[in-house]
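Q: Let me give you the structure first, and then I'll get to my questions.
Residue numbers (the working numbering), protein chains in the order written: chain A, 141 to 491; chain B, 93 to 203.
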């Protein structure tokens with residue numbers, strides 16, 4: 141089956157406002173479950189505030205060669221939103237000014253931005269400690285012009301973070317599309333061949349695990365052991381760390397939850413698993429997410445819900461670290477996804 | 093609205109058994125939590141045993157809970173179904189082994 145983005149289907153859930161309505165009504169409106177604001181209101185981490193900026197996450201565009209079932213970006217080949225070179229130049233200025241230790245490029249498939257390579261070359265000159273590219277792996281095999289990406293990554297000491305929902309073909313292709321598993325395996329083998337992910341190698345290759353369905357990720361360490369055991373046995377593939385990331389109930393994953401009649405159970409699961417220790421370490425307190433058109437958000441999820449930062453500074457045109465510091469984080473019920481169990485962030489569990 | 097003896101939402105209320113007997117309820121949940129920790133058996137192995145037993149005791153709550161638990165642990169559907177067959181084999185074996193009792197009795201009573 142060829143999957144299409146909500147955007148292309150002109151589905152009502154492609155509108156962030158509609159998603160926020162669903163997340164605020166029903167079980168949260170009738171009091172069956174507490175809103176996220178209410179849940180955290182008695183704890184020491186209320187209100188949730190931004191600390192020092194350490195991680196800058198740039199969304200280079202929503203275009204992607206894949207249409208994954210759970211995608212919170214609603215990315216796909218039809219999406220035309222692409223970060224311009226001018227906005228990239230502004231991002232480079234921010235990196236110089238702030239001294240963030242981590243730069244995290246995401247999308248869509250960030251490699252599909254026509255200025256991706258230029259930007260990586262410029263940004264890598266700035267001495268960032270951890271320069272991440274979130275690569276979906278299949279992009280490397282998608283077209284001849286991307287075949288040399290592994291070597292390009294190596295040249296610029298890029299930390300590659302790639303999605304892999306399971307070590308079996310069936311579960312991977314179900315979530316990410318037919319043929320994705322085989323191409324991902326080939327791409328991982330190519331990355332291994334040039335040193336990525338090998339034991340002791342400084343070329344970092346980490347995998348992201350998202351559950352392929354309406355359940356939370358299990359223990360990250362136990363899953364990493366299973367992934368390593370199976371990938372090395374079946375395909376001789378090495379990688380460094382596994383990041384277990386909870387699916388947040390927005391965009392295409394929200395659509396899946398509603399269509400499969402799992403929404404309420406999933407929200408109960410998230411709320412029941414609320415962990416104050418995870419709340420204390422949520423990524424939005426040290427991260428800033430920049431959209432393709434330069435708007436600023438507390439995280440990539442808020443970006444997709446069009447919940448801009450609660451600050452006088454809302455756009456990269458007016459970037460001011462001091463003004464952004466200590467801002468209240470914008471929250472809604474999707475935030476339960478980052479505080480469930482061992483917590484969840486773009487770097488996996490938080491406790 | 094149809095009423096049934098089993099309601100899926102009751103699983104979420106399991107912890108409420110403590111309301112009517114705090115001491116025993118808490119002891120049970122503490123014991124339960126300890127049983128499922130990593131030990132000589134991995135948490136993964138214990139989850140598969142729990143899934144098999146859930147079928148043998150025909151507990152719909154347990155089947156829901158340990159199917160979900162298995163998914164969370166990355167257990168595949170093939171592994172889950174094999175575990176269910178282990179439970180089914182033991183259960184049917186337990187029935188069939190009584191056939192020996194039947195045979196013994198038959199022989200004893202027959203000339």
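Backbone N, C-alpha and C define an ideal beta-carbon position, used for all residues, glycine too.
Just confirm the distance between the C-beta atoms of residue 421/A and residue 483/A, as a whole number of angstroms; I'd bet it's less than 8 Å.
A: 6 Å
Q: Can you tell me the Cα-Cα spacing of residue 151/A and residue 309/A, whole angstroms?
A: 29 Å
Q: Mind checking who residue 157/A pairs with in its DSSP beta bridge?
A: None, per the DSSP bridge assignment.
Q: Using beta carbons (cut-off 8 Å, strictly below), is residue 248/A in contact with chain B?
A: Under the 8 Å criterion on CB atoms, residue 248/A is classed as non-interfacial with respect to chain B.
Q: Report the residue from 453/A, 446/A and 438/A whose alpha carbon sits nearest the alpha carbon of residue 188/A.
A: 438/A
Q: Could you check whether residue 163/A and residue 473/A sit closer than 8 Å to each other, using their CB atoms as the reference points?
A: yes
Q: Taking 8 Å as the cut-off, decide whether the C-beta atoms of residue 230/A and residue 434/A are in contact.
A: Cβ atoms of residue 230/A and residue 434/A: closer than 8 Å.
Q: Can you pull the chain A residues whose beta carbon is under 9 Å from the beta carbon of residue 135/B, in chain order?
A: 358, 359 and 362
Q: With 16 other CB atoms within 10 Å as the buried threshold, where does residue 380/A fall?
A: Residue 380/A sits buried, since 16 or more C-beta atoms from the chains shown fall within 10 Å of its C-beta.
Q: Contact criterion: CB-CB distance below 8 Å. Does residue 166/B meet it with respect to chain A?
A: yes
Q: Mind pulling the beta strand (DSSP E) runs of 3 or more residues that sit fully within the region 323 to 366 of chain A?
A: 345 to 349
Q: Determine, using beta carbons only, whether residue 403/A comes closer than 8 Å to chain B.
A: At a cut-off of 8 Å between C-beta atoms, residue 403/A does not count as an interface residue with respect to chain B.
Q: Measure the C-alpha to C-alpha separation of residue 100/B and residue 400/A and round it to an integer number of angstroms.
A: 16 Å
Q: Would you verify that the beta carbon of residue 141/A is, or is not, closer than 8 Å to some beta carbon of chain B?
A: Summary for residue 141/A: the model assigns pLDDT 49, below 50, so the residue's position carries little reliability, and this model does not support an answer.
Q: Which residue from 302/A, 343/A and 247/A puts its Cα closest to that of residue 291/A?
A: 343/A
Q: For residue 366/A and chain B, any beta-carbon pair shorter than 8 Å?
A: Closer than 8 Å to some Cβ of chain B, the Cβ of residue 366/A qualifies, so yes.
Q: Can you give me the C-alpha to C-alpha distance between residue 257/A and residue 241/A, rounded to a whole angstrom?
A: 20 Å
Q: What are the boundary residues of the alpha helix (DSSP H) that includes residue 274/A?
A: Bounds of any alpha helix (DSSP H) do not take in residue 274/A; it lies within the beta strand (DSSP E) bounded by 270 to 275.
Q: Assuming residue 456/A contacts residue 375/A (C-beta within less than 8 Å), just tell me the rounded distance between them.
A: No, residue 456/A and residue 375/A are not in contact; Cβ-Cβ is about 41 Å, not under 8 Å.
Q: Would you give the residue range spanned by the beta strand (DSSP E) that residue 199/A belongs to?
A: 195 to 199
Q: For the beta strand (DSSP E) holding residue 384/A, just list the boundary residues, first then last.
A: 382 to 384
Q: Do you know offhand how far residue 181/B's Cα is from residue 172/B's?
A: In a straight line, the C-alpha of residue 181/B is about 14 Å away from that of residue 172/B.
Q: Going straight from the alpha carbon of residue 141/A to that of residue 436/A, what length do you get?
A: Low confidence applies here, because residue 141/A scores a pLDDT of 49, under 50, leaving its location unreliable; read the following figure in that light. When rounded, the distance between both Cα atoms is 36 Å.
Q: Could you please tell me which residues of the region 155 to 189 of chain B, in chain order, have their CB closer than 7 Å to any CB of chain A?
A: 160, 163, 164, 165, 166 and 168
Q: Since residue 308/A meets chain B, which of its residues come closer than 7 Å, beta carbon to beta carbon?
A: Chain-order list of chain B residues neighbouring residue 308/A: 168, by C-beta distance under 7 Å.
Q: List the residues that DSSP assigns as beta-bridge partners of residue 177/B.
A: None; residue 177/B has no bridge partner.
Q: Does the beta-carbon of residue 349/A have 16 or more other beta-carbons within 10 angstroms, so that it is buried, or is it exposed?
A: buried
Q: Jot down the residue ranges of each uninterrupted beta strand (DSSP E) in the region 232 to 284 of chain A, minimum 3 residues, whole runs only, in chain order.
A: 242 to 246 and 270 to 275
Q: According to DSSP, simplified to helix, strand and coil, what is residue 185/B?
A: Reduced to three states, the DSSP call for residue 185/B is helix.
Q: Using a C-beta to C-beta distance shorter than 8 Å, which residues of chain B count as neighbours of residue 353/A?
A: 163
Q: Among all the DSSP beta bridges, which residues are the ones paired with residue 293/A?
A: Paired residue(s): none; residue 293/A is not in a bridge.
Q: Secondary structure at residue 480/A, three-state DSSP: helix, strand or coil?
A: strand
Q: Output yes if chain B places a C-beta closer than 8 Å to the C-beta of residue 408/A; else output no.
A: yes
Q: Express the C-alpha separation of residue 362/A and residue 179/B in angstroms, rounding to a whole number.
A: 25 Å
Q: Enumerate in chain order the residues of its own chain whose CB-to-CB distance from residue 269/A is below 8 Å, with the five nearest sequence positions on each side excluded.
A: Residues 241 and 242 of the same chain have their beta carbon placed closer than 8 Å to that of residue 269/A, with the five preceding and five following residues left out of the count.
Q: For residue 410/A and residue 189/B, I'd like the C-alpha separation in whole angstroms.
A: 46 Å
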